[in-house]
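**Q** Dumping the structure here so I can ask a few things about it.
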């Protein structure tokens, strides 16, 4: 039994690449190759963009600043705690020096 050959392939059989190739009058294989290359390059660009954003956020400390502490963070916190401790000592000494005046001011 002889096979019937389609005289004009339908767009469904040709697929998207076939329709584009038919309109541009080029080979469907060439269109498929270009489509695959575009797909690969778009995934490559998305991957590069993802890693680029990750590197940028990480270089600015946005990814690690709230999750882990390094020595610089500890030094910064120690310095702040020492400054707060000095301020608290000065406030306590000022209150002790002015205790009588403060009590009389609040009694009035």
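In the numbering used here, the protein residues as written are 4 to 111.
All C-beta atoms, glycine included, are put in the ideal place defined by N, C-alpha and C.
Predicted model, so just to flag it, every value in this text is computed and none were measured.
1. What are the boundary residues of the alpha helix (DSSP H) that includes residue 107?
2. Look at the alpha carbon of residue 53 and the alpha carbon of residue 42, and state the distance between them as a whole number of angstroms.
3. Which residues in the same chain have their Cβ closer than 7 Å to the Cβ of residue 34, if we skip the five residues on either side of it in sequence?
4. Please confirm whether residue 105 and residue 98 have their CB atoms less than 8 Å apart.
5. Residue 28 by DSSP, collapsed to three states: which one?
**A** On the basis of the data shown:
1. The count along the chain shown starts at 1 and reaches residue 107 at position 104. Run containing residue 107: 102 to 110, per the alpha helix (DSSP H) assignment.
2. Translated into positions along the chain shown, residue 53 becomes position 50. Translated into positions along the chain shown, residue 42 becomes position 39. If I take the Cα positions, the gap works out to 17 Å.
3. Position 31 of the chain shown, counted from the start, is the residue given in the question as residue 34. So the list reads 20, 23, 24, once near-sequence residues are dropped.
4. By 1-based counting over the chain shown, the position of residue 105 is 102. By 1-based counting over the chain shown, the position of residue 98 is 95. Cβ atoms of residue 105 and residue 98: closer than 8 Å.
5. Taking the chain shown and counting its residues from 1, the one referred to as residue 28 is at position 25. Coil.
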